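A.B. asks: Chains U and C, in that order, are what the protein sequence lines are.
Count along the first sequence starting at 1, add 287, and that's the number in our numbering.
Count along the second sequence starting at 1, add 7, and that's the number in our numbering.
One structure coming up, written as structure tokens, with questions to follow.
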Amino acid sequence: MMERRKTLKLNKFLKPELNIFLFLILSLVAGTLMSSNFLDFEYLMNSTTLYAEFGIIALPFTYLLISGEIDVSVASMMTLVACTMGKVFQLGVDFVWVLIIGVLTGVLIGLINGLLVTLTKLPSLIITLGTLSLYKGLAQVMVGDGGISGFPEWFLGVNNKLVFGLIPVPFFLLLVLGIIMEIILKKTFFGRKIFAIGTNINVARYSAVKVDRIKVILFSLIGLFCAIAAMFSMSRLGIVKYTIGTGGELDVITMVLLGGTAFAGGRGSVFSTMLAFLVIVFIRTGMLLAIISGYTQTAVIGALLIFVIIISNQLEKYTKDHS
Amino acid sequence: MKKLISLVLAMFMFAAVMTGCTTKQEATAKPEATTKQEATTTSQSDSSTADSSQASNKDIKVRYICLVKGIPYFDPIIEGMRTSVEAAGATFEETAPDQSDATAQIPLIEAAIQDEVDVICISPSSADALNAALDKARDAGILVLCVNDDLVGNEGHRDGAVLSCNYDQLAKDSFEAFASRMNYKGNFVVLSSKTDTPFQNHQIEIYNQMIKDDAKYKDMKLLEVLYGNDEATKSLTESEAAIQKYPELNGIIAPTTVAIVSAAQAVQNADLQDKIVVYGLGTPTQCKDFIMDGSLDGAMLWDTFRTGEVAGIVAVGIANGEIKLASGTSFEAGKYGKTDVIDNNILYAGPPLEFNQSNVDQYQF
């Protein structure tokens, strides 16, 4: 009896969140050891803004991965939204409308992804691999090789604006959205349906879960978040180009997987994704300050990803065996 | 829910701890900064003797942010810069992103600001996407110097630019060298990289201008501009096709390394070394074999080591106040002598350089 209670307590403790939380502490310690300029709250907060755009996309991406689908076109969607907004702005439209059009474009291209996946019944990897090139190509065709800039002053530099004088706006929004989305995921019917689809799609279907509808909603949600990310990157860079966001899909996937979300679906948490976001920011920032080359950084993050996934799988197996 | 709250709490605790650390750090960091400032002001006053200026340069930190990791072309630039910066007694560091996309250098610029370097030398990956980050560095009192490539159209976002040579002059010199080898008559084609590369298009524009304006070149005829997309196989195919298509072809001029090597290969394959002149722009290591066996008549570029060295001299010189960058002025760049600063604070590190059988094996890039 005592033994059982002990393992139960241990099980509660051994969650994927804990795993990534330990890595968060480790990354901070490592960063501090690598450079004396690392442990500077202001600078670390500022560094989050460099990656916050992908972090924001990683939030709904966690939902999607839990439901067993994937969307590799996220970075292209962000680029296409940004380029659409740039082009519309160039045509002389009022900037408030530019922002509204940006949101609508994001939702629309996300919706297209969702409809293509659910109507054709093809794997989402294939469909979104296609739209990855399609959206990026469209962005290039629309704005060409040059850049569009000259946005209004109030829109620029969102990464330098602080909430409570401490947290940059993009990171603050990431935190707020992340907490709301975690609560929705864990505490509502909608959240439970996402888990149900990812765990066993047929069971979900027989339990009267409208699988396709939820999937389309999730893809559209990603589109919406890509639009937000696009606005942040436009505001930060002050320019729109078809090359912004290149390769970002891998950053997003890394964050979500590092957070312990299962690739096959059915397990995961938005909160862990946020922690993983911080781990990546801290590791990259630490290595940047220590002037460690980009390839070493990529290799370290790759090794970390494999390590974390092995550990979280082992933990899951352990908790299953002992419950 | 409890778990969630506890995690949020833990994060805030963490944040609190970190804020604690910063205040302490700032407190210790500030006096250091003032001493550093004092050190530079005192050093400026007695920089007349070489020894003391060397000592005062000790606090100067120059960081070079290269375009992207792993391009051999940039190695001599890095080494040249290291040589001159360290010879002046200052600290040199170099770094580069692993991707060449427009924004990949931004985190590196941010890190340089955090590390409080004095000079950022940068070979920018984009002429416009870095503006905000570079402005931030300059606001922090850091000098921003473009090396090898400039922020064309956005010159206001950097303090100066050290370009390898005058690229217009390079086009003129290389075309003249090509024409003289063709004895100023005959048909030729241009083998370029892509249709939209500004550097190559500008070179070709100058060739055309020269043929039009100078009677010396009136017997030379440009048949076609071919594009090899900077791919070895495509460039080779294009050159071989041109040799087949124009039996009366006397020359191929290629303003890019990939193309010049492929053109030389095509001429060698067809065994027409004596009939077709191949000339253009290329790095010595890649052109070496073809120059040595005669299928390539020669190649031009610039001395990249010198580019780096001059950039290092300028970086340290501006940081310690010995050099003032202003258009229309000039300064002494160490052993390379008087260097002029032209419009937009641009300066050329040296003249175009020709590689031929006598000197091609002296350069390692």
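Every residue gets a Cβ at the ideal spot worked out from N, C-alpha and C, and that includes glycine.
Here the structure is a predicted model, which is why all the values come from computation and not from measurement.
Taking contact to mean at least 3 C-beta pairs separated by less than 8 Å, is the stretch 227-241 of chain C in contact with the stretch 258-271 of chain C?
C.D. replies: yes
A.B. asks: My output table needs one value for K37/C: the three-state DSSP class, helix, strand or coil.
C.D. replies: Here the model assigns K37/C a pLDDT of 37, short of 50, so the residue's position is not dependable and the matter cannot be decided.
A.B. asks: Over the uninterrupted beta strand (DSSP E) stretch that includes D347/C, give me the two end residues.
C.D. replies: K345 to I349
A.B. asks: Check whether the stretch 331-346 of chain U touches the stretch 496-507 of chain U, counting contact only when three or more Cβ pairs, one atom from each stretch, lie closer than 8 Å.
C.D. replies: no
A.B. asks: To which residues of the same chain is V375/U closer than 6 Å at the C-beta, ignoring the five residues directly before and after it?
C.D. replies: V385 and I388
A.B. asks: Using the DSSP secondary-structure output, state which residues sit across from R70/C in a beta bridge.
C.D. replies: E100/C and I127/C
A.B. asks: Could you work out which residues of chain C lie near K448/U, taking near to mean beta carbons separated by less than 7 Å?
C.D. replies: Within chain C, no residue comes near K448/U; the closest Cβ sits about 13 Å away, beyond 7 Å.
A.B. asks: Taking a cut of 8 Å between CB atoms, which residues from the stretch 568-583 of chain U lie near chain C?
C.D. replies: Within the stretch 568-583 of chain U, the qualifying residues are R571, T572, L575, L576, I578, S580, G581 and Y582.
A.B. asks: Classify P114/C as helix, strand or coil using the three-state DSSP reduction.
C.D. replies: helix
A.B. asks: Could you give the distance in angstroms between the alpha-carbon of D53/C and the alpha-carbon of S63/C?
C.D. replies: With a pLDDT of 39 at D53/C, under the threshold of 50, the modelled position of that residue is not reliable, and the figure given next carries that caveat. Straight-line Cα distance between these residues: approximately 9 Å.
A.B. asks: Going by other Cβ atoms of all chains shown within 10 Å of its Cβ, with 16 needed for buried, is Y493/U buried or exposed?
C.D. replies: exposed
A.B. asks: How many angstroms separate the CA atom of A517/U from the CA atom of I570/U?
C.D. replies: 24 Å
A.B. asks: Write down the C-beta distance between P104/C and L337/U rounded to the nearest angstrom, noting that I regard them as a contact closer than 8 Å.
C.D. replies: Not quite, the Cβ-Cβ distance comes to about 12 Å (not below 8 Å), so this is no contact.
A.B. asks: What would DSSP say about K282/C, mapped onto helix, strand or coil?
C.D. replies: coil
A.B. asks: So V151/C is in the beta strand (DSSP E); what residue range does that whole segment cover?
C.D. replies: L150 to V154
A.B. asks: Once DSSP output is grouped into helix, strand and coil, what is the label at N366/C?
C.D. replies: coil
A.B. asks: If we require 3 or more residues per run, which beta strand (DSSP E) segments fall completely within the stretch 137-187 of chain C?
C.D. replies: Segments of the beta strand (DSSP E) lying fully in the stretch 137-187 of chain C: 150-154 and 167-170.
A.B. asks: Report the neighbours of L497/U on chain C: residues whose CB is nearer than 8 Å to its CB, in chain order.
C.D. replies: With the sequence shown as reference, residue 497/U is identified as Lys, and Leu is not the correct amino acid for it. Correct list: empty, because the minimum Cβ distance to chain C is about 27 Å.
A.B. asks: Pick helix, strand or coil for T30/C, following the three-state DSSP scheme.
C.D. replies: Confidence at T30/C is low in this model, with a pLDDT of 39, below 50, so its placement is unreliable and no value can be given for it.
A.B. asks: Would I435/U and T110/C be called neighbours here (beta carbons separated by less than 9 Å)?
C.D. replies: no
A.B. asks: Just the chain C side, please: which residues come within less than 9 Å of I540/U by C-beta, in chain order?
C.D. replies: Result: empty, since nearest Cβ-Cβ is about 16 Å, beyond 9 Å.
A.B. asks: Considering only residues of the stretch 197-265 of chain C, which uninterrupted alpha helix (DSSP H) runs meet the minimum length of 4 residues and lie entirely inside it, listed in chain order?
C.D. replies: Taking 4 residues as the minimum length, the alpha helix (DSSP H) runs contained wholly in the stretch 197-265 of chain C are 205-220 and 239-252, in order along the chain.
A.B. asks: Starting from the C-beta of I396/U, find all residues in its chain whose C-beta is less than 7 Å away, skip the five residues before and the five after it, and write them out in chain order.
C.D. replies: M364, L367, Y422 and G510
A.B. asks: From what residue to what residue does the alpha helix (DSSP H) around I414/U run?
C.D. replies: S411 to V430
A.B. asks: In three-state terms, what does DSSP make of E340/U?
C.D. replies: Assigned with DSSP and collapsed to three states, E340/U falls in helix.
A.B. asks: How would you write the range of the alpha helix (DSSP H) that R355/C sits in, first residue to last?
C.D. replies: Just to set this straight, residue 355/C is Tyr in the shown sequence, not Arg. No alpha helix (DSSP H) contains Y355/C, which is instead part of the beta strand (DSSP E) from I353 to Y355.
A.B. asks: Using a C-beta cutoff of 9 Å, does L464/U count as contacting chain C?
C.D. replies: no
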